[in-house]
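A.B. asks: So for the sequence shown, my numbering puts the first residue at 1; every next one is plus one.
Cβ coordinates follow ideal geometry from the N, Cα and C atoms, glycine included.
Since we're looking at a predicted model, the values are computed, not measured.
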Amino acid sequence: MRRTIWRVVGAVLAAALVLAAGTAGWLYHRYVNALEPPRPGSPVTTVVRVPRGASTAEIAGLLHRQGLIRDPLAFRVLVRLQGYDGRLRAGVYRLSPGMPAQAVLDKLARGDILTARFTIPEGWTVAQVVEHLAAEGLVTRESFRAALDRAAADWPYLPRDAGTRNALKEPLEGYLFPDTYRVPVDEHGRADPALVVRLMLDRFRQVVGPEEEARARQMGLSVHQVITLASIVEREARVAEERPVIAGVYLNRLERNMTLDADPTVLYALGRTSGRLTYADLRVDSPYNTYRYPGLPPGPIGAPGEAAIRAVLHPADVDYLYFVLRPDGSGRHQFARTLAEHNRNVRAYRQSLQEQDPPAGQDRNPDR
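(1) What three-state label does DSSP hand A54 in the structure shown?
(2) Contact defined as beta carbons within less than 8 Å: I believe L176 pairs with A303. What is the distance between those atoms, to the nearest angstrom?
(3) What are the partner residues of A269, as DSSP defines its beta bridges?
(4) By DSSP's criteria, T119 is part of a beta bridge. Which residues make up the other side?
(5) Ignoring anything shorter than 4 residues or poking outside the region 317–342, list the alpha helix (DSSP H) runs there in chain order.
(6) Could you spell out the range, first to last residue, of the alpha helix (DSSP H) harbouring L35?
(7) Going by C-alpha distance, which of P97, V223, G163 and A116 is nearest G41?
(8) Is it the case that the region 248–258 contacts the region 274–286, given that we only count it when at least three CB pairs across the two stretches are under 8 Å?
(9) Below 7 Å CB to CB, which residues in the same chain sit around R203 once its five sequence neighbours on both sides are set aside?
(10) Could you check which residue in R238, V284, G111 and A191 has the C-alpha nearest to that of G407?
(11) Check for me: the alpha helix (DSSP H) holding V196 runs from which residue to which?
(12) How many angstroms separate the CA atom of E136 from the CA atom of V129?
(13) Which ranges would you report for the alpha helix (DSSP H) in the region 51–115 if only whole runs of at least 4 residues count?
(14) Considering only their Cβ atoms, is the gap separating A147 from P193 smaller than 9 Å?
(15) Go ahead and label A191 buried or exposed: buried means 16 or more other beta carbons lie within 10 angstroms of its beta carbon, across all protein chains shown.
(16) Alpha carbons only, please: which of S55, A308, Q66 and A101 is nearest the one belonging to A34?
(17) With distances taken between CB atoms, is the gap from I69 to V104 smaller than 9 Å?
(18) If I measure Cβ to Cβ from T290 and keep anything under 7 Å in the same chain, skipping five residues before and after, which residues do I get?
(19) If you follow the alpha helix (DSSP H) that R141 is part of, which residue opens it and which one closes it?
(20) Does the distance from the CB of G67 to the CB of R49 come in under 9 Å?
(21) Using the Cβ count rule (16 or more neighbours within 10 Å means buried), how would you classify N166?
(22) Between which two residues does the alpha helix (DSSP H) harbouring N289 extend?
(23) Exposed or buried, what is G271 when buried is set at 16 or more other beta-carbons lying within 10 Å of its beta-carbon?
(24) If L95 and T45 are in contact, beta carbons under 8 Å, what's the gap, nearest whole angstrom?
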């Protein structure tokens, strides 16, 4: 009798084990199948915004409604098994129904959100930055201008003197650091203007830190003055190794209370970034006209790069007071210690201009 009972129990247990194994296998197969792409091989992509603070269940539901995962429960299990529950990152993603659930999870776990890249060259003005970003569709002119105004309100490097501050054409001119940036964008390809401004100002502070501020004080200059002079050096120097020399020339002129006579400052006063200047241009009444007013202009005339800033902080030890472009088209300058020497260099350059463009050269400034 006992043997019969044990045989029955054994048979029941065996059947239960077989059933359990079969059920487990079926469940596993269903789970694995649920993680497959909803539309294998589909090239279609969908832009999805994962809200900040969304739970795993909410994200799974969102993905399922968009047709990007087969089964929200299976996705939640996958997230929990891999330790990402509550750790999926908010943002805008580009996903595809051709992706398996694991690939979708990987993107959300990494925060592989939509981004755009843009580059700001050395010497660009705020106006050029605004136009470029608007043309790229990253911001609107109005929203970016508003973000600039808010950031300028507490930017620590602006002059405290109200007269100088009010004379600035653009408060943050010179501080939108030239570099290549990558920023998050929304489903329309738009970036947060405040974030764009903050990234550029943060990059400036990475380049100009406590050591650079201390060096400026040692030279008797404020950071604002350093950046102002560096912006002129950036525009004047066409050959990298001449930057410290040009910086040295301008510092020598400042020390002697001479006008800087820097053409790029006049161009800035006229709202231009290039072109030759006439003698009439040099008479424009603007605090940025360094032919009319001694000392530095109220602020930078563009955004200097790191090399130009370093050139001002560590100028070449020279006794030059003048420079003019060489007539050989090399982009290099001829430097001079005396006005007589400089005038000879100017005559050579003027002769070169007249040979290239005789009729138009009669009323043009030959000094650059």
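C.D. replies: On the basis of the coordinates in this document:
(1) For the purposes of this step, residue 54 is identified with residue 54 of the sequence shown, where counting begins at 1. In this structure, A54 counts as coil in the three-state DSSP scheme.
(2) For the purposes of this step, residue 176 is identified with residue 176 of the sequence shown, where counting begins at 1. For the purposes of this step, residue 303 is identified with residue 303 of the sequence shown, where counting begins at 1. With a Cβ gap of about 5 Å, L176 and A303 count as contacting.
(3) Position 269 of the sequence shown, counting from 1, holds the residue named residue 269. None; A269 has no bridge partner.
(4) Taking the first residue of the sequence shown as position 1, residue 119 is located at position 119. BP columns for T119 point to T180.
(5) Runs of the alpha helix (DSSP H) spanning 4 or more residues and lying entirely within the region 317–342 do not occur at all.
(6) On the sequence shown, residue 35 is found 35 positions in, with the first residue counted as 1. L35 -> no alpha helix (DSSP H), and no H or E assigned at all.
(7) Here residue 41 refers to the residue found at position 41 when the sequence shown is read from its first residue. Of P97, V223, G163 and A116, the residue nearest in Cα terms is P97.
(8) no
(9) By one-based count along the sequence shown, residue 203 stands at place 203. Non-local beta-carbon contacts of R203 in its own chain, meaning distances under 7 Å to residues more than five positions away in sequence, involve F177 and D179 in chain order.
(10) With the chain running from 1 to 368 in the structure shown, residue 407 is simply not present.
(11) Here residue 196 refers to the residue found at position 196 of the sequence shown. Counting along the chain, the alpha helix (DSSP H) containing V196 begins and ends at P193 to V207.
(12) In the sequence shown, counting from the first residue as 1, residue 136 sits at position 136. In the sequence shown, counting from the first residue as 1, residue 129 sits at position 129. One alpha carbon belongs to E136, the other to V129, and they sit about 11 Å apart.
(13) 56–65, 72–81 and 101–110
(14) Here the question's residue 193 lines up with position 193 in the sequence shown. Here the question's residue 147 lines up with position 147 in the sequence shown. Going by C-beta atoms, P193 is nearer than 9 Å to A147.
(15) The residue you call residue 191 lines up with position 191 of the sequence shown. The residue is buried, with at least 16 neighbouring Cβ atoms inside 10 Å.
(16) Residue numbering aside, residue 34 sits at position 34 when the sequence shown is read from its first letter. The candidate whose alpha carbon is nearest that of A34 is A101.
(17) As a working note, residue 69 is residue 69 in the sequence shown. As a working note, residue 104 is residue 104 in the sequence shown. For I69 and V104, yes; Cβs fall inside 9 Å.
(18) As a first step, residue 290 is located in the sequence shown; it is residue number 290 there, counting from the start. These residues qualify, in order along the chain: T259, L260, D261, A262, T265 and P297.
(19) Residue 141 sits at position 141 when you count from the first residue of the sequence shown. For R141, the enclosing alpha helix (DSSP H) starts and ends at R141 to A152.
(20) By 1-based counting over the sequence shown, the position of residue 67 is 67. By 1-based counting over the sequence shown, the position of residue 49 is 49. Result no, Cβ atoms of G67 and R49 do not sit closer than 9 Å.
(21) Counting from 1 along the sequence shown, the entry for residue 166 is found at position 166. Taking all protein chains shown into account, N166 has fewer than 16 neighbouring C-beta atoms within 10 Å of its C-beta and is therefore exposed.
(22) Start at 1 with the first residue of the sequence shown, and residue 289 comes out as number 289. N289 -> no alpha helix (DSSP H), and no H or E assigned at all.
(23) The residue you call residue 271 lines up with position 271 of the sequence shown. Exposed, because fewer than 16 other Cβ atoms sit within 10 Å of the Cβ of G271.
(24) Position 95 of the sequence shown, counting from 1, holds the residue named residue 95. Position 45 of the sequence shown, counting from 1, holds the residue named residue 45. Your pair L95 and T45 checks out as a contact, with CB atoms roughly 7 Å apart and the cut at 8 Å.
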